[in-house]
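Visitor:
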Amino acid sequence: MEIQSGTTIEGLILGMDLNPDTVVVECDGQIVLREEYGNHVLNTGSRVELIRFVGGG
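Residue numbering for the sequence shown follows the working numbering, beginning at 7 and increasing consecutively.
1) Please classify isoleucine 37 as buried or exposed, where buried requires at least 16 neighbouring CB atoms within 10 angstroms.
2) Quick check: is the beta carbon of methionine 7 nearer than 9 Å to any beta carbon in chain B?
3) Work out the CA separation of glycine 63 and threonine 13 for me, nearest whole Å.
4) Should leucine 20 and valine 54 be called a contact, given that it needs their Cβ atoms to be closer than 9 Å?
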C-alpha cells in the first residue's frame, strides 16, 4: 500500500477507518506507543504492521 509523504501513523489508521484505540502498530520492527501515533511520520520504505483487537465470545 502506498501512502503520501508526511503521513503519520494516526493518519494511516484513520484513513483506513480503524479506531486507534483498538490497534497496535509496529513500524520497522518497533512497537509505536499509542501516544506517538500523531507524531510518528512514516518514511519512504517504512514497514508497518497493524494488529487489530477484535472481541468475541
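For glycine and all other residues, C-beta sits at the position ideal for the given N, C-alpha and C. All of these numbers come straight from a predicted model, not from anything done at the bench.
Guide: In short, the structure shows the following:
1) Isoleucine 37 counts as exposed, since fewer than 16 other beta carbons sit within 10 angstroms of its beta carbon.
2) No chain B appears in the structure shown, which is made up of a single protein chain.
3) Distance between threonine 13 and glycine 63, taken at the CA atoms: about 36 Å.
4) Contact annotation: leucine 20 and valine 54 have beta-carbon atoms that are not nearer than 9 Å.
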